[in-house]
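S.K.:
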Amino acid sequence: MPAYDDDLRLAHVLADAADSTTMTRFRAQDLRVESKPDLTPVTDADRTVEEAIRSTLKRARPRDAITGEEYGESGHGPRRWVIDPIDGTKNFVRGVPVWATLIALMDGEDVVAGVCSAPALGRRWWAAVGTGAYTGKSLAAASRLAVSKVTDLTDASMSYSSYQGWEDRGCGYAFLDLTKTVWRSRAYGDFWSYTLVAEGAVDVACEPEVNLYDLAAVAIIVEEAGGRFTDIAGNPGPGGGSAIATNGALHEDVIKRLAAGSAS
1 MPAYDDDLRL
11 AHVLADAADS
21 TTMTRFRAQD
31 LRVESKPDLT
41 PVTDADRTVE
51 EAIRSTLKRA
61 RPRDAITGEE
71 YGESGHGPRR
81 WVIDPIDGTK
91 NFVRGVPVWA
101 TLIALMDGED
111 VVAGVCSAPA
121 LGRRWWAAVG
131 TGAYTGKSLA
141 AASRLAVSKV
151 TDLTDASMSY
161 SSYQGWEDRG
171 CGYAFLDLTK
181 TVWRSRAYGD
191 FWSYTLVAEG
201 AVDVACEPEV
211 NLYDLAAVAI
221 IVEEAGGRFT
231 DIAGNPGPGG
241 GSAIATNGAL
251 HEDVIKRLAA
261 GSAS
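In the working numbering, the protein residues as written are 1 to 264.
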């Protein structure tokens with residue numbers, strides 16, 4: 001049995017429960033929306049989902065720590081669950097179906113399992129270290145994922161979230177040049193950019209400013225699909241505060257082009 005098989009199964013159970021809550025609240029007339037101190041929105045569904053996941057983890061994995069978007073850090077130890085109850089809350093609030101619950105397990109500094117569940121799209125993606133990445137409706141009904149084989153940026157499809165963050169980072173011109181270099185660019189945004197890389201439908205995804213809970217689950221999905229996941233400086237993993245995900249073949253070229261125009 002793979003080392004993290006039980007943890008991945010638990011992550012699916014957590015995602016099932018989250019899907020039930022989020023779909024009930026999606027497009028609900030009485031959805032409660034507030035602004036957090038950073039002016040990003042948070043809904044009653046965000047909080048309810050994270051509370052439920054934390055409650056289950058405290059019973060099922062009492063020795064593990066938890067990091068969540070809404071309630072921060074709890075517990076200590078080498079194993080840590082990383083939770084984004086609704087990635088794409090702005091979409092959720094506006095009735096756009098592109099949002100997901102992200103659940104990942106880290107062992108030390110490494111992400112070892114991750115689930116990304118987007119019930120309004122009818123899609124789920126998951127991976128565990130050394131076992132590959134998959135998509136499907138359940139563990140028993142799944143297709144294995146593989147990144148694309150595109151080797152030239154002029155043939156590549158790129159996804160991003162927004163332009164403003166790149167400008168704020170001081171590499172707006174470099175980012176615009178990159179969008180002009182690739183064959184096609186679209187702002188699919190958030191988790192969807194990365195799952196599309198894992199599926200081979202998109203070749204490059206990048207974000208200039210992002211948090212660990214936004215990336216941990218999708219990072220292992222991209223990597224287990226054969227891709228590469230780093231921050232803008234090329235440091236591996238989802239903890240660098242920015243993200244570049246590619247099919248691997250295009251990675252160094254993307255880093256070089258963004259670094260050429262970066263003020264950081």
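Using N, Cα and C, we set each Cβ at its ideal position, and we do this for glycine too.
How big is the Cα-Cα spacing for alanine 263 and serine 161?
M.R.: For alanine 263, the predicted model reports a pLDDT of 47, less than 50, meaning its position is unreliable; a value from the coordinates is still stated below. One C-alpha to the other measures close to 20 Å.
S.K.: Which ranges would you report for the beta strand (DSSP E) in the region 28-88 if only whole runs of at least 3 residues count?
M.R.: Counting whole runs of 3 or more residues, the region 28-88 contains the beta strand (DSSP E) stretches 33-35, 41-43, 65-68, 72-74, 79-87.
S.K.: Is the distance from the Cβ of arginine 186 to the Cβ of serine 159 below 8 Å?
M.R.: Going by C-beta atoms, arginine 186 is nearer than 8 Å to serine 159.
S.K.: DSSP three-state label for alanine 263, please.
M.R.: Because the pLDDT of alanine 263 is 47, which lies under 50, any placement of that residue in the model is unreliable, and the number read from its coordinates should be weighed accordingly. It is coil, neither helix nor strand.
S.K.: Give the straight-line distance between the Cα atoms of glycine 165 and glycine 68, rounded to the nearest whole angstrom.
M.R.: Those two C-alpha atoms are separated by around 23 Å.
S.K.: Start and end of the alpha helix (DSSP H) containing serine 193?
M.R.: 190-199 is the span of the alpha helix (DSSP H), which, as asked, contains serine 193.
S.K.: Would you call the CB atoms of valine 204 and leucine 176 closer than 8 Å?
M.R.: Contact: no.
S.K.: If we ignore side chains and look at the alpha-carbon of each, how far apart do proline 78 and tyrosine 4 end up?
M.R.: Those two C-alpha atoms are separated by around 14 Å.
S.K.: The beta strand (DSSP E) with leucine 105 in it runs from where to where?
M.R.: Segment 100-107, the beta strand (DSSP E) holding leucine 105.
S.K.: Using 8 Å as the cut-off, can you tell me whether the region 215-228 makes contact with the region 98-118, which would need three or more C-beta pairs spanning the two stretches below that distance?
M.R.: A contact exists between the region 215-228 and the region 98-118.
S.K.: Run through DSSP, which three-state label would valine 112 get?
M.R.: Three-state DSSP puts valine 112 in a strand.
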